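A short worksheet on the structure shown next.
Protein chains in written order, with our numbering: chain A, 1 to 132; chain B, 1 to 89.
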């Protein structure tokens with residue numbers, strides 16, 4: 001069996017469709033869990049905790065579903081290559097925004113200070129650094 | 001209509017409504033920023049779900065641009081929010 005015929009091997013259409021739908025449903029449930037955490041938790045850092053992590057995992061699952069929905073082996077490989085930049089960009093930018101928002105929330109005082117176990121950032125509040 | 005498809009629609013809609021509720025109610029502007037970030041990522045997820053369900057790859061450029069540029073909203077709001085925006089909840 002040569003490479004071309006291997007790449008054209010196809011998963012049966014109902015199987016591929018069902019796998020893709022289940023993966024999309026899992027991603028949607030992770031999105032829903034992020035939204036529920038956003039609504040239920042109390043202050044900005046804990047809402048960030050709910051809002052940044054399950055979302056990205058849901059996006060990874062949906063990108064896998066995109067690759068599976070291509071049906072042939074070659075199509076799946078091409079789909080994985082296509083969605084990898086999206087996942088890498090999301091991995092790179094989600095911690096950036098979370099870091100900026102969390103630091104600003106600490107400086108604003110929109111956190112519940114009594115719920116912190118350790119507050120290693122307290123000294124820098126006395127002498128704030130010049131950069132925002 | 002496939003029951004899985006209906007479940008996907010319901011779950012995505014519910015998540016979007018919860019995000020909008022947090023955007024409307026959020027006591028401080030940072031809460032609203034976090035919620036709108038979640039809503040933007042959910043838009044990306046819906047675009048990807050459309051591609052996976054209908055079996056095409058036309059939305060990939062939109063997802064790339066949103067993933068690359070969406071972070072600037074949160075960063076700029078967090079950068080320029082007032083130091084004493086201490087709204088009571």
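Just so it is clear, CB atoms sit at the ideal spot from N, CA and C, and this is done for glycine as well.
Remember, it's a predicted structure, so these values are computed and weren't measured experimentally.
- The shortest CA-to-CA distance from residue 9 (chain B) to any of A:4, A:95, A:21 and A:8 is the one to A:21.
- When C-beta distances to chain B are compared with 8 Å, the residues of the segment 7 to 20 of chain A below that value are 18 and 20, in chain order.
- Residue 93 (chain A) sits in a helix when the DSSP states are folded into three classes.
- For residue 62 (chain A), the nearest beta carbon of chain B is closer than 8 Å to its own beta carbon.
- By the C-beta criterion, the segment 65 to 77 of chain B is judged to be in contact with the segment 28 to 40 of chain B, since at least 3 inter-stretch pairs fall below 8 Å.
- Looking at the DSSP output, residue 72 (chain A) shares a beta bridge with A:10.
- Residue contact check for residue 53 (chain B) against chain A: a CB pair falls below 8 Å.
- With respect to chain A, the C-beta atom of residue 24 (chain B) has no partner C-beta closer than 8 Å.
- Of B:45, B:49 and B:80, the smallest CA-CA separation from residue 66 (chain B) is found for B:45.
- The shortest C-alpha to C-alpha distance from residue 70 (chain A) to any of B:13, B:79, B:57 and B:15 is the one to B:57.
- Less than 8 Å divides the Cβ of residue 72 (chain A) from the Cβ of residue 10 (chain A).
- Per DSSP, reduced to three states, the secondary structure at residue 59 (chain A) is helical.
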